[in-house]
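The sequence shown begins at 1 in the UniProt record's numbering and counts up by one. Right, one structure below, let's go through it.
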Amino acid sequence: MASLNSSAVVCVICLEKPKYRCPACRVPYCSVGCFRKHKDDDDSIADFLNSDEEEDRVSLQNLKNLGESAALRSLLLNPHLRQLMVSLDQGDNKEKLMRACMQEPLFVEFADCCLRIVEPSQDEDS
Numbered sequence: 001m002a003s004l005n006s007s008a009v010v011c012v013i014c015l016e017k018p019k020y021r022c023p024a025c026r027v028p029y030c031s032v033g034c035f036r037k038h039k040d041d042d043d044s045i046a047d048f049l050n051s052d053e054e055e056d057r058v059s060l061q062n063l064k065n066l067g068e069s070a071a072l073r074s075l076l077l078n079p080h081l082r083q084l085m086v087s088l089d090q091g092d093n094k095e096k097l098m099r100a101c102m103q104e105p106l107f108v109e110f111a112d113c114c115l116r117i118v119e120p121s122q123d124e125d126s
């Protein structure tokens, strides 16, 4: 578990330096106001955060980074990519559909862009 003193840890609401952790889901927050906003969030977020698969979980900070990425937004303007994602989301055999999507250069570019945000290489960090 990351220490609250780590510079990589930020408040899940305002992205400032946190002082506390939510007693229910352990996400960092910096003030009572941010804690109240966090508690007002959908209960499904808390359920997700309490899942047992923590090593596969994308941090809230990285999710925010994905949402704020101009490169991802630009890619998502492409109707073909959006259709691929809808088909993948609605399909029954996700594994087979994912293999097919990974043959599409546009989808691979999208996946690579997501990975660069979620798991930046050491070279990009320095």
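For each residue, glycine too, the CB sits at the ideal point set by N, CA and C.
Answer yes or no: do residue i and residue j have a C-beta to C-beta separation smaller than 9 Å?
{"i": "L66", "j": "C114", "result": "yes"}
{"i": "C30", "j": "K39", "result": "no"}
{"i": "V58", "j": "P28", "result": "no"}
{"i": "V12", "j": "N62", "result": "no"}
Counting only the same chain and skipping the five closest in sequence on each side, list residues whose C-beta sits under 8 Å from that of residue i.
{"i": "A111", "result": "M102"}
Excluding sequence positions up to five away, which residues of its chain have a Cβ less than 7 Å from the Cβ of residue i?
{"i": "A71", "result": "C113"}
{"i": "H80", "result": "L106"}
{"i": "E16", "result": "V10 and C30"}
{"i": "K37", "result": "I13"}
{"i": "Q90", "result": "none"}
{"i": "E104", "result": "L84"}
Grab me the residues of residue i's own chain with a C-beta within less than 6 Å of its C-beta, minus the 5 sequence neighbours each way, in chain order.
{"i": "F107", "result": "L84 and C101"}
{"i": "C34", "result": "C11, I13 and C14"}
{"i": "R21", "result": "P28"}
Based on Cα-Cα distance, which residue from the options lies nearest to residue i?
{"i": "L75", "options": "R26, E109 and C22", "result": "E109"}
{"i": "L97", "options": "E104, L88 and P79", "result": "L88"}
Where are the beta strand (DSSP E) runs, 3 residues long or more, that stay fully inside the region 11–35, in chain order? none
Could you give the uninterrupted runs of the alpha helix (DSSP H) lying entirely in the region 79–117, keeping only those of 4 residues or more? 79–90 and 94–101
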